[in-house]
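Under the numbering used here, the very last position in the sequence shown is 143; numbers go up by exactly one each time.
Heads up, the beta-carbon is just placed ideally off N, CA and C, and yes, glycines get one too.
This structure is a prediction, so every number in the text was calculated from the model and none was measured.
This report concerns only the one structure given below.
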Amino acid sequence: MRDNVTLSASSLDIRNFDGARDSFQINRKFPVEDSDSGTIIALGTRTFLTKDISNYRNNYYLVINTGGVAVTATLQISPVDIDTYYVNSGSQFNILAGDKIIFSPNHLMKYARVSVSALLLGSVIINYFGQS
Numbered sequence: 012m013r014d015n016v017t018l019s020a021s022s023l024d025i026r027n028f029d030g031a032r033d034s035f036q037i038n039r040k041f042p043v044e045d046s047d048s049g050t051i052i053a054l055g056t057r058t059f060l061t062k063d064i065s066n067y068r069n070n071y072y073l074v075i076n077t078g079g080v081a082v083t084a085t086l087q088i089s090p091v092d093i094d095t096y097y098v099n100s101g102s103q104f105n106i107l108a109g110d111k112i113i114f115s116p117n118h119l120m121k122y123a124r125v126s127v128s129a130l131l132l133g134s135v136i137i138n139y140f141g142q143s
């Protein structure tokens with residue numbers, strides 16, 4: 012990872028950094044957020060918000076059922092972003108119309124996403140929150 016620093020000084024002596032004399036501390040880490048929404052066709056399944064979560068210690072997905080029928084949602088995780096590698100992380104949950112649920116991965120993996128299926132035409136809003 013590379014960072015830039017801007018310094019202002021009247022006299023500045025530059026030397027190479029080394030681990031014996033120098034250290035850095037990050038005082039504040041900013042959270043990341045993302046969202047997506049969409050419909051799920053009858054008897055269909057759709058995935059939302061595939062994320063590389065490896066840089067974040069805390070990862071949460073909020074799934075809101077905005078449709079008029081129940082949907083089934085599952086958090087999936089994978090070491091690589093290839094469909095056949097994804098496995099369910101925890102249980103599947105039926106989300107009634109107007110209800111919501113929060114998912115958080117229970118195993119360390121590089122990628123996560125939410126899979127949503129519906130028996131009838133459904134719709135959801137998915138929000139992702141990640142924090143180091």
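Asked, Found
"Is the distance from the Cβ of Ile137 to the Cβ of Ser65 below 9 Å?", "no"
"Taking only three categories from DSSP, how would you classify Thr95?", "helix"
"Is Gly133 helix, strand or coil by DSSP?", "strand"
"Are the stretch 83–103 and the stretch 117–124 touching, with three or more C-beta to C-beta distances below 8 Å?", "yes"
"Between which two residues does the beta strand (DSSP E) holding Ser48 run?", "Val43 to Ile51"
"Which residues does DSSP pair with Val82 in a beta bridge?", "Ile106 and Ala129"
"For Arg68, report the span of its beta strand (DSSP E) as first-last.", "Looking at the DSSP string, Arg68 is not in any beta strand (DSSP E), and its letter there is neither H nor E."
"At the level of alpha carbons, what is the spacing between Leu86 and Asn76?", "15 Å"
"Note down, in chain order, each residue of its chain lying with its Cβ closer than 6 Å to the Cβ of Pro116, except the 5 sequence neighbours on either side.", "Asn70, Ile88, Ser100 and Ala123"
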